[in-house]
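S.K.:
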Amino acid sequence: MPCLQLIRLRKKKKKQEEIEEEIEDVRRMKGGRNEEENENEEDDEPVESSSIGCSPLTRRRRKSAAVGSSASEKHHHNHGHQSPRKSPGFRFRRIFDTFTFTRSLKPQYSLEHNNDEEESDEIQGGEMDVVTHLLLEVRLNNGEDLPVKDASGSSDPYVKFRYKDAIVYKSGTIFKNLNPSWDEEFQMIVDDVTSPIRLEVFDFDRFCSDDFMGAAEVDLSQVKWCTSTDFHVNLLDEVNEPAGKASISVTITPMTQLEVQQFQQKAKNGILSNTEKKKEQRANNTQDWAKLVNIVLVEGKGIRVEEKSPDAFCKFKLGQEKYKTKVCSNTEPKWIEQFDLHVFDTSDQILQMACIDRNTNISRISIDLSTVSLDETFQHWYHLEGGPEDAQVLLLITVSGSHGAGEAIETDEFNYNDIRNTRIQKYDISNTFNDISDIGTLTVKLFGAEDLVAKDFGGKSDPFAILELVNTRVQTNTIYKTLSPSWNKIYTFAVKDIHTYLQVTIFDEDPNNRFEFLGRVRIPLKSIRNCEKRWYGLKDEKLKKRVKGEVLLELDVIWNNIRAAIRTFKPMERKYISQDQKFKPALFKTYFVELKDFVSSLASCKNDMEYLLSWHSRSKSLTAYVIFMIFVYYFQIFFIPLMILALFGYNFVKFKTNGEEISRTPRHSLKGQKSEEEDEKSGGFRDTLSSIPDILQSVQSFLHFTTQLIQKIKNTFNFTDIWLSLLAVIVLFIAFVLLYFVPLRWIIMVWGTNKFSKKLRDPKFVDNNEVLDYLSRVPSNTELVSFLGYCTFARRIFQQEQSNERVNRPINL
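Count the sequence shown with the UniProt record's numbering and you get residues 1 to 813, in order.
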């Protein structure tokens, strides 16, 4: 482009020189022919008009013809012929317009001469190379000594540019700065360099109108073409008082018709600025990183300063990115924070961490991320350097690659290749005791998703997926501007507990590292169908309601049953990053209803037992009594697991005979979810609030009964009531003697016979519990407090009688 502009400028300069030569020739000819020119102006006017914009050869021909005609005109002056030249004022106006390019220079040729038709066609064919417009490029550099407009002693300046009273550009706002540096530029097409460009500086106010700070004008006619000209203008306020300075750079460049068309295609509303490019770069910054590093800072040990508990926090740095944790005042702080950092191609892969107490560095550590495997979570206790010897922190580091979507996954090759066969052999039952902690391996093939929710303008999203298995977390690359992303990724997870679940969450990526939720699915490992490609419907964040979108997965879990059985009886792995459950009235009501239903089922069993003991149906009661006596007589300790097995068998046969599948989702759970969703509505929420007092009263009554029972048991052993405690001692001693001499089964049979025969012996007998009846007599702590000071009145009478005796006692002299 600079070379083309230079060639055009040379052509333009040559044309200007030729025009000046014509002017000089006309002036020389004008001396003796003023009268002839005035008389013959109209006849030869086309000669002048046709000379501008023509080739040099044509102008020479017309020049010679003009000289010859002028001689003939002088010879035939008396015949009344007009001069072939126009007035000097009109000629200079046309020449000035041509020189400044303030209008389109489209040559108009006279059709009177047949010998100029071919040259006229050539010139009209090259109109796209003729300069027709001017490109104005303005660069806003900075400002100096701007006035204070805010109460904080600063300002939030921005600049508006006006051309012919129209706002053509508005800069960004620099907050709290009196010497701002904008470093912005814009381009526009102008048609008149005599009109100045005006810049106005304002102070941004959030809750009211912006304050005017100052303004200045730049004369575009002083700008040398194709050269950047710097202007340091003085700003003036409303009363023409100095209001600081502003620095801008202005460049004017000629443009052809073709260049104008290309500019208009790129420009937005006639303006092309670098701010739009910066926005696009910020929006696409996430595409530039090579690796995504997910870090979970769990806790620390031995972090202290001079044997004191510090107010410790950690700072992380990776390249140019930094992160600061919260402050924990403990020698064993528990931060439990998760964050992401990025590795760019030009940055190093050294993760630096410093543990700081206020302004004092406790210790630090550097981790080389190039040694960490991709798409695997590395959990390790790192010893800190430069501090206490036992200082260490627990970190979970996952490095994920961000390269584009992989190639299509060949399912047949992967399902039956040597890798899978090796894994099957590794987790075979014959190799169970080689490594008890290694339960199995989960392979996830993430193909893509379809019909996702649109979160961006234009009906699109920028989706990426996060796969989690307890504390192991991997993230895919982002697919931009689509609702049906295709990732085609394979991930492998180490299974430490077969009772966990795989969670796949899809987010929409927004600028400034902000994410919007699109959908989530949770898949238990035991329910996976190996090597089967399936579509899974997405749910909301609470995993209760269905949302728009599906994800295509193929899962393959290979595990050892014996290792999984042994791991089942050990504590579950704790998930470090989890949401704390807050109090919700609807959820509290749901839990209370479930607990109430369970208590009601126990009460129904008690009612059935009372029905048998009441002998309302003598056949049923007699049958129950006989079964009880036979069971107690032949009972052995191994009957207990056998009875539980019988319960399992009964439920299994019940479902099979009814032709039903064993439900994996409890009905009351679904009911609770439904009621919770209904309570989220306005009417349901009011009903929930109105029912909370009754629920809280029931909970309070249950807690009161439990607390009183515990206090009574403690007071029984503390001899708070000596008589009741001695009674308990005597009863326990008698029970000891009976159990020593009489077998337990005979005692239970006697006790059962007594229970069954009470209604026969006394039809009006009310059943009771002897242990609870005894504990009801023992005072609780609340009752003991109420008993204090019960003899205060008697003590007052006794003290008063003693004082009266002292007063009435005779005095011995």
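Here a beta-carbon is modelled for each residue, glycine too, at the ideal position from N, C-alpha and C.
Just how far apart, CA to CA, sit Glu-550 and Thr-492?
M.R.: As a position in the sequence shown, residue 550 is number 550, starting the count at 1. As a position in the sequence shown, residue 492 is number 492, starting the count at 1. Computed Cα separation, rounded: 22 Å.
S.K.: Just verifying my parser: in three-state terms, what is the DSSP assignment at Phe-175?
M.R.: For the purposes of this step, residue 175 is taken as the residue at position 175 of the sequence shown. Reduced to three states, the DSSP call for Phe-175 is coil.
S.K.: Considering just the uninterrupted stretch of the beta strand (DSSP E) at Val-233, what are its terminal residues?
M.R.: Taking the sequence shown and counting its residues from 1, the one referred to as residue 233 is at position 233. It spans 229-236 - the beta strand (DSSP E) in which Val-233 sits, taken as one unbroken run.
S.K.: In the structure shown, what three-state DSSP assignment does residue 882 receive?
M.R.: With the chain running from 1 to 813 in the structure shown, residue 882 is simply not present.
S.K.: With Ser-614 and Lys-759 assumed to form a contact (beta carbons below 8 Å), what rounded beta-carbon distance in angstroms separates them?
M.R.: Indexing the sequence shown from 1 puts residue 614 at position 614. Indexing the sequence shown from 1 puts residue 759 at position 759. 5 Å between Cβ atoms; contact.
S.K.: Pull up the DSSP beta-bridge partners for Phe-339, would you.
M.R.: What you label residue 339 is simply residue 339 of the sequence shown in a count that begins at 1. Its beta-bridge partners are Ile-295.
S.K.: Within its chain, find whatever has a CB closer than 7 Å to the CB of Ser-363; leave out the 5 residues flanking it on each side and keep chain order.
M.R.: Counting from one through the sequence shown, the residue named residue 363 turns up at place 363. Cβ neighbours of Ser-363 beyond the five flanking positions: Cys-355, Leu-384, Glu-385, Gly-386, Gly-387 and Ala-391.
S.K.: Taking Gly-752 as the reference, which of Leu-645, Val-327 and Ser-621 has the closest Cα?
M.R.: Looking up residue 752 in the sequence shown gives position 752. The residue from Leu-645, Val-327 and Ser-621 with its alpha-carbon nearest to that of Gly-752 is Ser-621.
S.K.: Report, in whole angstroms, the separation of the C-beta atoms of Gly-244 and Leu-258, which I expect to be a contact under 8 Å.
M.R.: Taking the first residue of the sequence shown as 1, we reach residue 244 at position 244. Taking the first residue of the sequence shown as 1, we reach residue 258 at position 258. The pair is not a contact, with the Cβ atoms about 42 Å apart (cut-off 8 Å).
S.K.: Measuring straight from C-alpha to C-alpha, what distance separates Glu-18 and Lys-164?
M.R.: Here the question's residue 18 lines up with position 18 in the sequence shown. Here the question's residue 164 lines up with position 164 in the sequence shown. Answer to the nearest angstrom: the Cα atoms are 34 Å apart.
S.K.: What is the residue span of the alpha helix (DSSP H) that Ser-725 lies within?
M.R.: Taking the first residue of the sequence shown as 1, we reach residue 725 at position 725. Here the alpha helix (DSSP H) through Ser-725 covers 722-741.
S.K.: Got a sec? Which residues, its chain only, sit under 6 Å from Val-393 by beta carbon, not counting five neighbours each side?
M.R.: Numbered from 1 along the sequence shown, position 393 holds the residue referred to as residue 393. The residues are Gly-300 and Tyr-382.
S.K.: In terms of DSSP beta bridges, what is Tyr-501 paired with?
M.R.: For this step, residue 501 is matched to residue 501 along the sequence shown. Beta-bridge annotation (DSSP): Tyr-501 is paired with Pro-524.
S.K.: If we ignore side chains and look at the alpha-carbon of each, how far apart do Val-737 and Thr-716 end up?
M.R.: Locating residue 737 in the sequence shown gives position 737, counting from the first residue. Locating residue 716 in the sequence shown gives position 716, counting from the first residue. A direct Cα-to-Cα measurement between Val-737 and Thr-716 gives close to 22 Å.
S.K.: Do the stretch 481-490 and the stretch 509-519 make contact, defined as three or more Cβ pairs closer than 8 Å?
M.R.: no
S.K.: Nearest to residue 814 by CA position, among Leu-724, Asp-428, Asp-183 and Asp-150, is which residue?
M.R.: One cannot answer for residue 814 here, as it falls past the ends of the chain, which runs 1 to 813.
S.K.: Measuring CB atoms only, is the stretch 588-600 touching the stretch 515-534, in the sense that at least three cross pairs come out at less than 8 Å?
M.R.: no
S.K.: Val-305 and Thr-360: beta carbons closer than 9 Å?
M.R.: Here residue 305 is taken as the residue at index 305 of the sequence shown, counted from 1. Here residue 360 is taken as the residue at index 360 of the sequence shown, counted from 1. The answer is yes: Cβ separation under 9 Å.
S.K.: To the nearest whole angstrom, what separates the beta carbons of Ile-252 and Leu-220, a pair I think is in contact under 8 Å?
M.R.: Your numbering for residue 252 matches position 252 in the sequence shown. Your numbering for residue 220 matches position 220 in the sequence shown. Confirmed, about 7 Å.
S.K.: Specify the secondary structure class of Phe-592 as computed by DSSP and reduced to three states.
M.R.: Counting from 1 along the sequence shown, the entry for residue 592 is found at position 592. Three-state DSSP puts Phe-592 in a helix.
S.K.: Just checking, does the stretch 195-209 make contact with the stretch 155-164 on the three C-beta pairs under 8 Å criterion?
M.R.: yes
S.K.: Pick out whichever of Asp-357, Pro-641, Lys-317 and Glu-332 has its Cα sitting closest to the Cα of Leu-341.
M.R.: For the purposes of this step, residue 341 is identified with residue 341 of the sequence shown, where counting begins at 1. When each option's Cα is compared against that of Leu-341, the closest is Lys-317.
S.K.: Assess contact between the stretch 527-540 and the stretch 549-564, defined as three or more Cβ pairs (one per stretch) separated by less than 8 Å. Is contact present?
M.R.: yes
S.K.: Do the stretch 415-429 and the stretch 444-454 make contact, defined as three or more Cβ pairs closer than 8 Å?
M.R.: no
S.K.: Would you list the residues sitting across from Leu-134 in a DSSP beta bridge?
M.R.: In the sequence shown, the residue the question calls residue 134 occupies position 134. In the DSSP output, where bridge partners are listed per residue, Leu-134 has Val-190 and Pro-254.
S.K.: Taking the alpha-carbon of residue 823 as reference, which of Gly-319, Asp-183 and Ala-312 has the nearest alpha-carbon?
M.R.: Here the chain covers residues 1 to 813 and nothing more, so residue 823 does not appear.
S.K.: Helix or strand or just coil, what does DSSP make of Ser-604?
M.R.: By 1-based counting over the sequence shown, the position of residue 604 is 604. Helix, per DSSP.
S.K.: Sorted by chain position, which residues of the same chain lie with C-beta nearer than 7 Å to Arg-777's C-beta, five sequence neighbours on each side aside?
M.R.: Taking the first residue of the sequence shown as position 1, residue 777 is located at position 777. Closer than 7 Å at Cβ, skipping near neighbours: Leu-724.
S.K.: Pull up the CB-CB distance for Leu-525 and Leu-442, whole angstroms please, since I reckon it's below 8 Å.
M.R.: Along the sequence shown, one-based indexing puts residue 525 at 525. Along the sequence shown, one-based indexing puts residue 442 at 442. 7 Å between Cβ atoms; contact.
S.K.: Quick check on Gly-752: does DSSP put it in helix, strand or coil?
M.R.: For the purposes of this step, residue 752 is identified with residue 752 of the sequence shown, where counting begins at 1. Here Gly-752 sits in helix by DSSP.
S.K.: Are the stretch 557-570 and the stretch 323-330 touching by the rule of at least three beta carbon pairs closer than 8 Å?
M.R.: Cβ pair count under 8 Å is below three, so no.
S.K.: Pick from Asp-540, Thr-377 and Ile-498: whose alpha carbon is nearest that of Glu-468?
M.R.: Sequence index remark: in the sequence shown, residue 468 carries index 468 (1-based). Answer by Cα proximity: Thr-377.
S.K.: For residue 872, which option in Ala-246, Ile-174 and Val-750 has the closest C-alpha, if you only look at C-alpha atoms?
M.R.: The question about residue 872 has no answer here: the residues shown for the chain are numbered 1 through 813.
S.K.: Have a look at the DSSP bridge pairing and note the partners of Glu-389.
M.R.: Here the question's residue 389 lines up with position 389 in the sequence shown. None, per the DSSP bridge assignment.
S.K.: Leaving out five residues on either side along the sequence, give the residues of the same chain with a beta carbon under 8 Å from the beta carbon of Glu-680.
M.R.: By one-based count along the sequence shown, residue 680 stands at place 680. Low local confidence applies: a pLDDT of 49 at Glu-680 is under 50, so the model's placement there is unreliable, and no value is given.
S.K.: Which residues in the same chain have their Cβ closer than 6 Å to the Cβ of Gln-711, if we skip the five residues on either side of it in sequence?
M.R.: Position 711 of the sequence shown, counted from the first residue, corresponds to residue 711. Excluding residues within five positions, the ones whose Cβ falls inside 6 Å are Ser-780 and Asn-781.
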